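Top to bottom, those sequences are chains R and G.
Take the first sequence: its position 35, counted from the start at 1, is 336 in the numbering used here, and no numbers get skipped.
Take the second sequence: its position 80, counted from the start at 1, is 381 in the numbering used here, and no numbers get skipped.
Number of protein chains: 2
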Amino acid sequence: MSLNTDAISSTFAALADPTRRAILARLALGESSVTELAAPFQVSMPAISRHLKVLENAGLISRGRDAQWRPCRLTPEPMKKAAEWLDAYREYWELSFDRLDDYLQVIKAKETKRDRKSR
Amino acid sequence: MSLNTDAISSTFAALADPTRRAILARLALGESSVTELAAPFQVSMPAISRHLKVLENAGLISRGRDAQWRPCRLTPEPMKKAAEWLDAYREYWELSFDRLDDYLQVIKAKETKRDRKSR
DNA sequence: TGGTTAATTAACGATGTCGTTAAATACCGA
DNA sequence: TCGGTATTTAACGACATCGTTAATTAACCA
């Protein structure tokens, strides 16, 4: 999904995979090598290497060099940006239960005359 | 990217597209028909219809029926869940500037002897 | 019933993703 | 320099995504 080259799109795309999210969760505990990161999963090393490249391209991780190891660590900015994007909707979902009452009555009034099939 | 059938994966995948995010932003202002949602974009109606299906499958929107119109509205749960997932890392990115100092010293000490190439 | 508007589905092509195995690269240590 | 460990790249196949145009469905209105 990296047809979309903007930063936040590649962030969300990178987060849309359970393996990659698990890798991030592991990295939240501290720096880790590729082999260590791969251990919990049943996929091959090249597959993990690709996942790490996706995460790196999204700026979610950065990689150093320690002899033949490539230690990975989290980079905070993209997650921060993603959380900020979602936060713009926070008020909406926090209030939505209250609003839903009003809202449903409006809808109900509307639908009294039509939409007897629903969807 | 809906090979991954878990809820949060499909949420992030749905959010990984600028058109879909713009649609959500529009819907935060209130219910809207497909034609209204399509207006700001240069893509065809079927393309918008597909985007809406992706959003609906992710649970981000729901659709009603009002005569020949299909009014769309936001559904809060998935965004809430996505924000909660990211919140688990909030402490990390909020503290990371402080930590970075300590962290970089550890790294620097390690790298004094190796990694003169970096990447 | 027939015409119009709103929206979805079908069919297709271009391109992206994700996994695999095999080969290449980077670095260490004797 | 050779052998071993860690990791990436290459090449391929299966399948998903995203856009298009043409056809279809749903509902209104005269």
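By construction, the Cβ of each residue, glycine as well, lies at the ideal position given by its N, Cα and C atoms.
The structure presented is a predicted model; accordingly, all values stated were derived computationally and were not measured.
>> Using beta carbons (cut-off 8 Å, strictly below), is residue 387(G) in contact with chain R?
In response: Within the second sequence, residue 387(G) is the residue found at index 86, counting from 1. At least one chain R Cβ lies under 8 Å of residue 387(G).
> Taking the C-alpha atoms as reference points, what is the distance between residue 306(G) and residue 341(G)?
Replying inline: Counted from its first residue, the second sequence places residue 306(G) at position 5. Counted from its first residue, the second sequence places residue 341(G) at position 40. Those two C-alpha atoms are separated by around 30 Å.
> Looking at C-alpha atoms only, which residue of 332(G), 330(G), 356(G), 329(G) is the closest neighbour of residue 309(G)?
Replying inline: The residue given as residue 309(G) occupies position 8 in the second sequence. Per the Cα distances, 356(G).
> So is residue 377(G) in contact with chain R if we call contact Cβ pairs under 8 Å?
Replying inline: If you number the second sequence from 1, residue 377(G) lands on position 76. At least one chain R Cβ lies under 8 Å of residue 377(G).
> What in chain G is Cβ-close to residue 381(R), meaning under 7 Å?
Replying inline: As a working note, residue 381(R) is residue 80 in the first sequence. Simply 394.
> Can you list, in chain order, the residues of its chain whose CB lies under 7 Å from that of residue 374(R), leaving out five sequence neighbours each side?
Replying inline: As a first step, residue 374(R) is located in the first sequence; it is residue number 73 there, counting from the start. Only 328, 332, 362, 363 meet the Cβ criterion.
>> The alpha helix (DSSP H) that contains residue 311(G), what's its start and end?
In response: Within the second sequence, the letter at position 10 stands for residue 311(G). Looking at the DSSP string, the run of the alpha helix (DSSP H) that includes residue 311(G) is 308-316.
> If you pair each beta-carbon of the region 309-319 of chain R with each one of the region 376-396 of chain R, do three or more pairs fall below 8 Å?
Replying inline: yes
> Residues of chain R with CB under 9 Å from residue 319(G), in chain order?
Replying inline: Translated into the one-based positions of the second sequence, residue 319(G) becomes position 18. By Cβ distance, chain R contributes 305, 307, 309, 310.
> What does residue 313(G) touch in chain R if you count any residue whose Cβ is under 7 Å from its own?
Replying inline: Along the second sequence, one-based indexing puts residue 313(G) at 12. The answer, in chain order, is 313, 316, 317.
> Is the shortest distance between the beta-carbon of residue 351(G) and the beta-carbons of chain R less than 8 Å?
Replying inline: Within the second sequence, numbered from 1, the residue matching residue 351(G) stands at position 50. By this cut-off, residue 351(G) is not an interface position.
> Between residue 334(G) and residue 371(G), what straight-line distance do the alpha-carbon atoms span, to the nearest angstrom?
Replying inline: The residue labelled residue 334(G) in the question sits at position 33 within the second sequence. The residue labelled residue 371(G) in the question sits at position 70 within the second sequence. Distance between the alpha carbons of residue 334(G) and residue 371(G): 6 Å.
> According to DSSP, what are the bridge partners of residue 375(G)?
Replying inline: Residue mapping note: residue 375(G) aligns to position 74 of the second sequence, counting from 1. Answer is 362(G).
> Shortest alpha-carbon distance to residue 354(R) belongs to which of 316(R), 393(R), 396(R), 384(R)?
Replying inline: Taking the first sequence and counting its residues from 1, the one referred to as residue 354(R) is at position 53. That would be 316(R), whose Cα lies nearest to the Cα of residue 354(R).
> Residues of chain R with a CB under 7 Å from the CB of residue 391(G): which are they?
Replying inline: Looking up residue 391(G) in the second sequence gives position 90. Simply 384.
> Between 344(R), 395(R), 385(R), 350(R), which lies nearest to residue 313(R) when the distance is taken from Cα to Cα?
Replying inline: Residue 313(R) sits at position 12 when you count from the first residue of the first sequence. Among 344(R), 395(R), 385(R), 350(R), the Cα nearest to that of residue 313(R) belongs to 385(R).
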